[in-house]
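*Asks:*
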Amino acid sequence: AIKMPIFPFHTWQPDTYTAAPTQGTMLLSGIMLKMGIYGVIRWLLPIVPTGVQDWSCLAMVLSIIGIVYASLIAFTQKDAKRLVAYSSIAHVGLISAGIFASFNLGNLGVQGMQGAMVQMLSHGINVVGLFFVLDIIFSRVKTNKIEELGGIAKVAPQLAITFLIIVLGTVALPGTNGFIGEFLLLMGVYNYGIWAAAIAGLTIIFGAVYMLRMYQNVMLGKTNELTITFTDIQGTEKLVLYIICALIIILGVYPKPLLHLTEASVQHLLEQVNQKLTSVK
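Residue numbers (the numbering used here): 179 to 459.
1. Between the region 239-258 and the region 330-350, do three or more beta carbon pairs fall short of 8 Å?
2. Since residue 343 contacts residue 423 with CB under 8 Å, what's their CB separation in whole angstroms?
3. What does a CB cutoff of less than 6 Å around residue 399 pick up in its chain, not counting 5 residues either side in sequence?
4. Report buried or exposed for residue 457, applying the criterion of at least 16 other Cβ atoms within 10 angstroms of its Cβ.
5. Cutting at 6 Å between CB atoms, please list the residues of its own chain near residue 429, excluding the five before and the five after it.
6. With C-beta atoms as the reference, is residue 340 less than 9 Å away from residue 366?
7. Whole angstroms is fine: what's the gap from residue 350's alpha carbon to residue 268's?
8. Does the Cβ-Cβ distance between residue 192 and residue 260 come in under 9 Å?
9. Along the chain, where does the alpha helix (DSSP H) that runs through residue 395 open and close?
10. Under the DSSP definition of a beta bridge, which residues are partnered with residue 410?
11. Quick check: the region 270-282 against the region 290-302, are at least 3 beta-carbon pairs closer than 8 Å?
12. Would you say the region 442-449 touches the region 371-380, given that touching needs at least three Cβ pairs under 8 Å?
13. Counting C-beta neighbours from all protein chains within 10 Å, is the total for residue 394 16 or more, i.e. buried, or is it exposed?
14. Counting only runs that start and end within the region 331-358, where is the alpha helix (DSSP H) found for 4 or more residues in a row?
15. Strictly by DSSP, which residues pair up with residue 323?
16. How long is the line joining the alpha carbons of residue 199 and residue 301, rounded to whole angstroms?
17. Measuring CA to CA, which of 316, 439, 224 and 380 is closest to residue 453?
18. Terminal residues of the continuous alpha helix (DSSP H) containing residue 194?
19. Answer with buried or exposed for residue 360, where buried requires no fewer than 16 other C-beta atoms within 10 angstroms of its C-beta.
20. Out of 265, 397, 383 and 338, point me to the one whose CA is closest to residue 325's CA.
21. What would DSSP say about residue 302, mapped onto helix, strand or coil?
22. Report the residue from 438, 338 and 297 whose alpha carbon sits nearest the alpha carbon of residue 208.
23. What residues in its chain sit with their C-beta under 7 Å from that of residue 415, if we drop five residues either side in the sequence?
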């Protein structure tokens, strides 16, 4: 719960993401954060399924509370890195809810568990892209304060376009990598309970609002004395952002290989868990 993190064990994440060097933040958010989710799927579910069964309802409630809480707090953030940190908490809450919902559904939970695996990859790509863009901005103007920025799209159109694609992937626009994972997760949560799916679905609505508002304030509008001399992306910056954008679009348009890759392992996991639960009974 701390490693993922889910509410109320999340308090270390926003401060760490904001204070750490951007390279460290990308490592934490893109890879290390997923280790907590991987630990749940790979170790917790198959080793102690009865314990998970006893506590899954509480885990679902905490995950859904975390989605709403993190999304509401994200609305109030003045620092772009801190906003992305709370966005990550909301997305991890949805992944966690999908995992525990799928666990309770048994073999009917394949969609939700697949969605968790796909979303782990998609969120890793998107959040690394977000922090990379914010690092580019900070390297030029020495701030990530949203209210101090604006008009960057006028002087750096290539950065603005790539940033928009990453933001759209983050808010799960159909045709981007974020959509398929969140759709499958919500399907899994819906099969568990319509009330849970309705509340969990708020992560998409809230996420679209605060991420697009952040993009508007940072990239659009009038330039100021900080951003008037902003230079567009060059060299390795272009290469990294183009690769990230390509992955967002390719995985969104054609996710079949990824789904095929995860299907067998998910079915095996759920069958293994069901066998252990049946033997205990």
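Where is the CB? At the ideal position from N, CA and C, for every residue including glycine.
*Replies:* Straight from the coordinates:
1. No: fewer than three Cβ pairs fall under 8 Å.
2. Sequence index remark: in the sequence shown, residue 343 carries index 165 (1-based). Sequence index remark: in the sequence shown, residue 423 carries index 245 (1-based). Confirmed, about 5 Å.
3. Numbered from 1 along the sequence shown, position 221 holds the residue referred to as residue 399. Closer than 6 Å at Cβ, skipping near neighbours: 328 and 329.
4. As a working note, residue 457 is residue 279 in the sequence shown. Within 10 angstroms of the beta-carbon of residue 457 lie fewer than 16 other beta-carbons, which makes it exposed.
5. For this step, residue 429 is matched to residue 251 along the sequence shown. Contacts found: 355.
6. Taking the sequence shown and counting its residues from 1, one reaches residue 340 at position 162. Taking the sequence shown and counting its residues from 1, one reaches residue 366 at position 188. Not in contact: residue 340 and residue 366 (Cβ atoms no closer than 9 Å).
7. Position 172 of the sequence shown, counted from the first residue, corresponds to residue 350. Position 90 of the sequence shown, counted from the first residue, corresponds to residue 268. One C-alpha to the other measures close to 13 Å.
8. Here residue 192 refers to the residue found at position 14 when the sequence shown is read from its first residue. Here residue 260 refers to the residue found at position 82 when the sequence shown is read from its first residue. Taking 9 Å as the Cβ cut-off, residue 192 and residue 260 qualify as a contacting pair.
9. Indexing the sequence shown from 1 puts residue 395 at position 217. Where residue 395 is concerned, the enclosing alpha helix (DSSP H) stretches over 380-397.
10. Your numbering for residue 410 matches position 232 in the sequence shown. Paired residues: none, contrary to the question.
11. Segments in contact, yes.
12. Too few Cβ pairs lie closer than 8 Å, so no.
13. Numbered from its first residue, the sequence shown carries residue 394 at position 216. Flag for residue 394 reads exposed.
14. Runs of the alpha helix (DSSP H) inside the region 331-358: 335-348.
15. Locating residue 323 in the sequence shown gives position 145, counting from the first residue. Per DSSP, the beta bridge partners of residue 323 are 257.
16. In the sequence shown, counting from the first residue as 1, residue 199 sits at position 21. In the sequence shown, counting from the first residue as 1, residue 301 sits at position 123. If you take the alpha carbons of residue 199 and residue 301, they lie about 20 Å apart.
17. To locate residue 453, count along the sequence shown from 1; it is residue 275. The shortest C-alpha separation from residue 453 is found at 224.
18. For the purposes of this step, residue 194 is taken as residue 16 along the sequence shown, with counting starting at 1. From DSSP, the alpha helix (DSSP H) with residue 194 extends over 190-197.
19. On the sequence shown, position 182 is the one that residue 360 refers to. Buried, by the Cβ-count rule.
20. Here residue 325 corresponds to residue number 147 of the sequence shown, with the count starting at 1. Closest in C-alpha terms to residue 325, from the list 265, 397, 383 and 338, comes 397.
21. Sequence index remark: in the sequence shown, residue 302 carries index 124 (1-based). The DSSP-derived three-state label of residue 302 is helix.
22. As a working note, residue 208 is residue 30 in the sequence shown. Ranking 438, 338 and 297 by CA distance to the CA of residue 208 puts 297 first.
23. Taking the first residue of the sequence shown as position 1, residue 415 is located at position 237. Result list for residue 415: 314, in chain order.
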